[in-house]
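Student:
Protein chains: 2
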Amino acid sequence: MTKDKNTMEKIVSLCKRRGFVFQGSEIYGGFVGLYDFGPYGVELANNIRAAWWKAMVQEERNIVGLDSAIITHPKVWEASGHVGGFSDPLVECKECNTRSRADHLLEEVGMFADEKMTAEEINTVFDAQREKMTCPKCGQKNFGEVKHFNLLVQSNLGNFSNDWTKEPTYLRGETCQGIYLNFKNVLDSSRVKVPFGIAQIGKAFRNEIAPRQYIFRKREFEQMEMQMFVSPDAELVEYEKWKAKRWQYYIDLGFKEENLKWHEHENLVFYAKAAWDIEYNFPFGFKELEGIHARGNYDLTQHQTFSGKDLSYLDPVTNERYVPHVVETSVGLDRTFLAVMTEFYDEDELGGETRTVLRFPKALAPIKVAVFPLLKNKPELVAKAEEVYSLLAKEMRAEFDDNGNIGKRYRRQDEIGTPACVTIDFETLGQEDASLKDTVTVRDRDTGEQARIHISELVAYLKK
Amino acid sequence: MTKDKNTMEKIVSLCKRRGFVFQGSEIYGGFVGLYDFGPYGVELANNIRAAWWKAMVQEERNIVGLDSAIITHPKVWEASGHVGGFSDPLVECKECNTRSRADHLLEEVGMFADEKMTAEEINTVFDAQREKMTCPKCGQKNFGEVKHFNLLVQSNLGNFSNDWTKEPTYLRGETCQGIYLNFKNVLDSSRVKVPFGIAQIGKAFRNEIAPRQYIFRKREFEQMEMQMFVSPDAELVEYEKWKAKRWQYYIDLGFKEENLKWHEHENLVFYAKAAWDIEYNFPFGFKELEGIHARGNYDLTQHQTFSGKDLSYLDPVTNERYVPHVVETSVGLDRTFLAVMTEFYDEDELGGETRTVLRFPKALAPIKVAVFPLLKNKPELVAKAEEVYSLLAKEMRAEFDDNGNIGKRYRRQDEIGTPACVTIDFETLGQEDASLKDTVTVRDRDTGEQARIHISELVAYLKK
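Here the protein sequences line up with chains A and B, keeping their order.
So the mapping is simple: the numbering used here equals the position in the first sequence, first residue as 1, plus 100.
So the mapping is simple: the numbering used here equals the position in the second sequence, first residue as 1, plus 100.
#1: Helix, strand or coil: which one does DSSP assign to R118 (chain B)?
#2: Checking 7 Å against the spacing of the C-beta atoms, do F444 (chain A) and L433 (chain A) come in under that value?
#3: Fully enclosed by the segment 210–247 of chain B, which alpha helix (DSSP H) runs are 4 residues long or longer?
#4: Report the residue from A:V294, A:P139 and A:N256 whose alpha carbon sits nearest the alpha carbon of E308 (chain B).
#5: Counting along the chain, where does the beta strand (DSSP E) carrying E447 (chain B) start and finish?
#6: State the beta-bridge partners of I516 (chain B) as determined by DSSP.
#7: Show which residues of chain B have a CB atom less than 7 Å away from the CB atom of K494 (chain A).
#8: Between which two residues does the alpha helix (DSSP H) containing H403 (chain A) stretch?
#9: K284 (chain A) touches chain B at which residues, Cβ-Cβ below 8 Å?
#10: How big is the Cα-Cα spacing for P577 (chain A) and E549 (chain A)?
#11: For E428 (chain A), which three-state DSSP category applies?
#12: Assuming A551 (chain B) and V542 (chain B) make a contact with CB atoms under 8 Å, what is their CB distance in whole Å?
#13: Express the C-alpha separation of D502 (chain B) and K537 (chain B) in angstroms, rounding to a whole number.
#14: Do V427 (chain B) and E486 (chain B) come within 7 Å of each other at the CB atom, strictly closer than that value?
#15: Among A:V209, A:R291 and A:V183, which has the Cα closest to the Cα of E267 (chain A)?
#16: Since R395 (chain B) and Y371 (chain B) are thought to touch, with beta carbons under 8 Å apart, how far apart are those beta carbons, to the nearest angstrom?
#17: Find the residues of chain B that neighbour Q254 (chain A), judging by a C-beta separation of less than 7 Å, and give them in chain order.
#18: Bridge partners of M326 (chain A), per DSSP?
#19: Do Y280 (chain B) and H403 (chain B) have their CB atoms nearer than 7 Å?
#20: By the three-class DSSP mapping on this structure, what secondary structure does S113 (chain A) have?
#21: Can you tell me whether R319 (chain A) is buried or exposed, with buried defined as 16 or more other CB within 10 angstroms of its CB?
#22: Helix, strand or coil, according to DSSP, for P461 (chain A) in the structure here?
#23: Between I555 (chain B) and R291 (chain A), what straight-line distance do the alpha-carbon atoms span, to the nearest angstrom?
#24: Within the continuous beta strand (DSSP E) that includes D188 (chain B), where are the two ends?
#25: Flag this pair as touching only if the segment 242–255 of chain B and the segment 216–229 of chain B have three or more C-beta atom pairs under 8 Å; answer yes or no.
#26: CB E390 (chain A) to CB W376 (chain A), shorter than 7 Å?
#27: Suppose the cutoff is 8 Å on Cβ atoms and the five residues either side in sequence are ignored; what does the same chain contact list for E195 (chain B) look like?
#28: Using 8 Å as the cut-off, can you tell me whether the segment 161–171 of chain B makes contact with the segment 298–317 of chain B, which would need three or more C-beta pairs spanning the two stretches below that distance?
#29: Does the pairing of the segment 477–494 of chain A with the segment 126–140 of chain B give three or more beta-carbon distances under 8 Å?
#30: Keeping to the same chain, check which residues put their C-beta closer than 6 Å to that of K175 (chain A); ignore five residues upstream and five downstream.
#31: Does any residue of chain E bring its CB to less than 7 Å from the CB of H248 (chain A)?
#32: Please state if the CB of V471 (chain B) and the CB of Y489 (chain B) are separated by a distance shorter than 7 Å.
#33: Taking C-alpha atoms, which residue in A:K216, A:N147, A:R545 and A:Y270 lies nearest to R511 (chain A)?
#34: DSSP on S125 (chain B), reduced to helix/strand/coil?
#35: Inspect the beta-carbon positions of R272 (chain A) and E515 (chain A) and report whether they are closer than 7 Å.
#36: Taking only beta carbons into account, state which residues of the segment 165–192 of chain B come closer than 8 Å to chain A, listed in chain order.
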């Protein structure tokens, strides 16, 4: 099926209706840019994290994991350049006080505001277009001056004075800084040798002026990042290797190749050697899913300067000393979540009925199997179904449902992407044909086909 | 072995040396109350999270998961009572400006400061003891006045004004509020019926004045909480059920019963029906590991009042409408981590040598198996070992090590708690005895005993 803005609405609606994603603080009227994962959402998110960890840590001999704190010493963000330069151009409507991003308003009238422009430069461009741009809230054209607004979120953790905003601590704006901070610790404790990588999954925070596109751009979001530390000579070879690996990762996850696209960055920061994004075909078009960057040794050098600690590496073979270069792969968990929802969302006809189905690969499915007694009001069916449920729940995420007719229960499991449904019927009890005693019906989500499986073989059948 | 302050030092040292736990922002001189999990620490933490999720969500038919945002609408923390009353008594040394907790200073001279005391009351008690109490930093007795300091961490997320401290957003001080916020969403989307539970694992933040005891009391920490929503009549029965279940959980995890102790809260908050802690025998004594609380319907009622949304439940059988009562189980991931390190830390003698060994149960062990080529300089051994490593790494967290003599490699794996070590030797290559071709040595961590296993049976052998 073609996926467009209409599909986006359907996905957002399904996510709320079936408990994948809720608006943050919804009962208090919500909070822009914040979302909560509901019962099926948290399972899907956990499975996405596990798939990434398996590919990036478990199956990579020279990559180790890390889980660093969200809050760090404030100097970290001076060294990284975020305190000085991590900002978006903000403009306020003088009529309704709505704040918008000046670069987004310019984009809509076909102009381009470079990230590196000074406030003065961007105001010049902005002033020339004032007549064309309108406030997205009130429709007026009365904007104030463009100002740079820093995206780092400030906090008072560890600061007990009254005027703590003078010396705030920051919530991390990206997870990779925690990796740089621990480069030496990992080197000293894990007996790794360059080239080696450190991988991390964790929350990051950005004070986005205008979060957009559902969970695509949140203020509190989650990153899955890996930094590979390499010798200066090896950087570009390693870079190409990771470009290939990360593309293949999405294919292995079950994504169609036509929904992925490479995008090369037009304006590289001065220290970067190469930067490409993998874009995904979201319902609102191809947008960045993952970034793969050759970052030189800028980050470690900055932390070396600001911390005064030696972050160089002595190659045990060549006896050469250098500050390692970094190849980074960085992807958002929330964006992956939305890409997965988009990729596997489908509508088809089964048994003469239209249905919505999430065709998740088994590893990603929130619920692996649902167990149904055929009828709710037959205690012997219910008891047997509970027994089968307990057997399965020890081995995998299972769900019990005795509510409504079987067809409805199938539809519901299709909508949350459960690969298999097990029904306990009278044949399971051996009441009609003794040879069928202790067998159950296993119905396949994608084909609707049913197989008769003995309970003793059920776990193995469902796992294969 | 007896575990005391000496053991604590050994655990802290092992955690740093082997990459379980690093001080937060260490290269910048550290940051009090923040820690990072290193390569083995993140694996252990992930395994602890997975064990809790399996017991509390996967194997509990009427509990579902949730992953709500760290930052919420600020009204949430007014409703919960944290903005008004979540504070510690802070006192500053006039000599060296060190801030201490007044209640901790009083404790050391045998006095008790109740949580509910007003600033005036605590100052009266404090003044009477001034002569006895000294600053832990400079040793002087020149303290200022005791003031209440709010533990909620403030931030400017979503607030773009300059004087945002007047309307801060808060980093959650506990994860359970996110559960209350989503009670209605879960009810409406998941077809659960009371009694049902919502479980969540996530970060929380508290501006602790004086974090202590390593990772036991951090400023950024992680909670694993479950809120069971029940009818008013069922609260105390459900409470007793969860007391029993949560005790058994630690036994199932492999904890010795003698290292666990019940502690009943002396001063219940006015809405609570019962509150007991499970205490663990940490190297610094029995301290709270988990809290199990019967909280009445205080939290939902508060959110109903502050949000203006109806949070009542209509029982489909009795047709009775009520605001559900809550039974909560709440445990710290970091405290569990430290309890697990303490419980399974051991020193013994094996083959005439003293060794340190972490006797982790298999489910918790950061690395499930280590693979060694007997000799590093024999390419055919290394190639075969790499082949075996790749086979195992697809199935479980494995590590490859070709460095140093085998004895040393065993010691290292014992120190990180790896249950099994696989060695590829000349017999594996079939050079000495053709019948032993493709068999490997599997050495058991606890007994040091070795078994000869065929490679084709290795995965099954290690998984059982």
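Every residue, glycine too, gets a C-beta built ideally from N, C-alpha and C.
For clarity, every value in this text was computed on a predicted model and none was experimentally measured.
Tutor: A quick look at the data gives this:
#1: Here residue 118 (chain B) is taken as the residue at index 18 of the second sequence, counted from 1. It is coil, neither helix nor strand.
#2: As a first step, residue 444 (chain A) must be located in the first sequence, where it is residue number 344. As a first step, residue 433 (chain A) must be located in the first sequence, where it is residue number 333. Not closer than 7 Å, so no.
#3: 219–229
#4: Along the second sequence, read from residue 1 onward, the residue named residue 308 (chain B) stands at position 208. Measuring from the Cα of E308 (chain B), the nearest candidate turns out to be A:N256.
#5: Within the second sequence, the letter at position 347 stands for residue 447 (chain B). Start and end: Y445 to L450.
#6: Residue mapping note: residue 516 (chain B) aligns to position 416 of the second sequence, counting from 1. Partner(s): none; I516 (chain B) has no beta bridge.
#7: Stepping through the first sequence from its first residue, residue 494 (chain A) is reached at position 394. Within 7 Å Cβ-Cβ: E159.
#8: Position 303 of the first sequence holds residue 403 (chain A). Element bounds for H403 (chain A): Y398 to S407.
#9: On the first sequence, position 184 is the one that residue 284 (chain A) refers to. Within chain B, the residues near K284 (chain A) are I127.
#10: In the structure displayed, chain A extends from 101 to 564; residue 577 (chain A) sits before or after that span and is not available.
#11: Walking along the first sequence from the start, residue 428 (chain A) turns up at place 328. Reduced to three states, the DSSP call for E428 (chain A) is strand.
#12: The count along the second sequence starts at 1 and reaches residue 551 (chain B) at position 451. The count along the second sequence starts at 1 and reaches residue 542 (chain B) at position 442. Indeed they touch by this definition, with Cβ atoms about 5 Å apart.
#13: Taking the second sequence and counting its residues from 1, the one referred to as residue 537 (chain B) is at position 437. Taking the second sequence and counting its residues from 1, the one referred to as residue 502 (chain B) is at position 402. Taking the straight line joining both Cα atoms gives about 21 Å.
#14: Within the second sequence, numbered from 1, the residue matching residue 486 (chain B) stands at position 386. Within the second sequence, numbered from 1, the residue matching residue 427 (chain B) stands at position 327. Their beta carbons are not under 7 Å apart, which means E486 (chain B) does not touch V427 (chain B) by this criterion.
#15: Translated into positions along the first sequence, residue 267 (chain A) becomes position 167. The candidate whose alpha carbon is nearest that of E267 (chain A) is A:V183.
#16: Your numbering for residue 395 (chain B) matches position 295 in the second sequence. Your numbering for residue 371 (chain B) matches position 271 in the second sequence. That belief holds up - the Cβ atoms of R395 (chain B) and Y371 (chain B) are roughly 7 Å apart, short of 8 Å.
#17: Indexing the first sequence from 1 puts residue 254 (chain A) at position 154. In chain order: S255 and N256.
#18: As a first step, residue 326 (chain A) must be located in the first sequence, where it is residue number 226. A:A299 and A:T429.
#19: For the purposes of this step, residue 280 (chain B) is taken as the residue at position 180 of the second sequence. For the purposes of this step, residue 403 (chain B) is taken as the residue at position 303 of the second sequence. Yes, the Cβ-Cβ distance between Y280 (chain B) and H403 (chain B) is below 7 Å.
#20: Along the first sequence, one-based indexing puts residue 113 (chain A) at 13. Here S113 (chain A) sits in helix by DSSP.
#21: Locating residue 319 (chain A) in the first sequence gives position 219, counting from the first residue. Classification of R319 (chain A): buried, given that the 10 Å Cβ count is 16 or more.
#22: Walking along the first sequence from the start, residue 461 (chain A) turns up at place 361. In the structure shown, P461 (chain A) sits in coil (DSSP, three-state: anything other than H, G, I, E or B).
#23: Working through the second sequence from its first residue, we reach residue 555 (chain B) at position 455. Working through the first sequence from its first residue, we reach residue 291 (chain A) at position 191. Taking the straight line joining both Cα atoms gives about 27 Å.
#24: By 1-based counting over the second sequence, the position of residue 188 (chain B) is 88. Counting along the chain, the beta strand (DSSP E) containing D188 (chain B) begins and ends at S187 to E192.
#25: yes
#26: Mapped onto the first sequence, residue 390 (chain A) falls at position 290. Mapped onto the first sequence, residue 376 (chain A) falls at position 276. No, Cβ-Cβ distance for E390 (chain A) and W376 (chain A) is not below 7 Å.
#27: As a working mapping, residue 195 (chain B) is identified with position 95 in the second sequence. Cβ within range, chain order: C235, C238, Q240 and N242.
#28: yes
#29: no
#30: Counted from its first residue, the first sequence places residue 175 (chain A) at position 75. Counting only Cβ-Cβ distances below 6 Å, and skipping sequence neighbours, we find F406.
#31: Looking at the structure shown, chain E is missing, and the protein chains on hand are A and B.
#32: Residue mapping note: residue 489 (chain B) aligns to position 389 of the second sequence, counting from 1. Residue mapping note: residue 471 (chain B) aligns to position 371 of the second sequence, counting from 1. The answer is yes: Cβ separation under 7 Å.
#33: On the first sequence, residue 511 (chain A) is found 411 positions in, with the first residue counted as 1. It is A:R545 whose Cα lies nearest to the Cα of R511 (chain A).
#34: As a working mapping, residue 125 (chain B) is identified with position 25 in the second sequence. Here S125 (chain B) sits in coil by DSSP.
#35: Position 172 of the first sequence, counting from 1, holds the residue named residue 272 (chain A). Position 415 of the first sequence, counting from 1, holds the residue named residue 515 (chain A). No, these two residues do not count as a Cβ contact at 7 Å.
#36: G165, L166, D167, S168, A169, I170, I171, T172, H173, K175, V176 and L190
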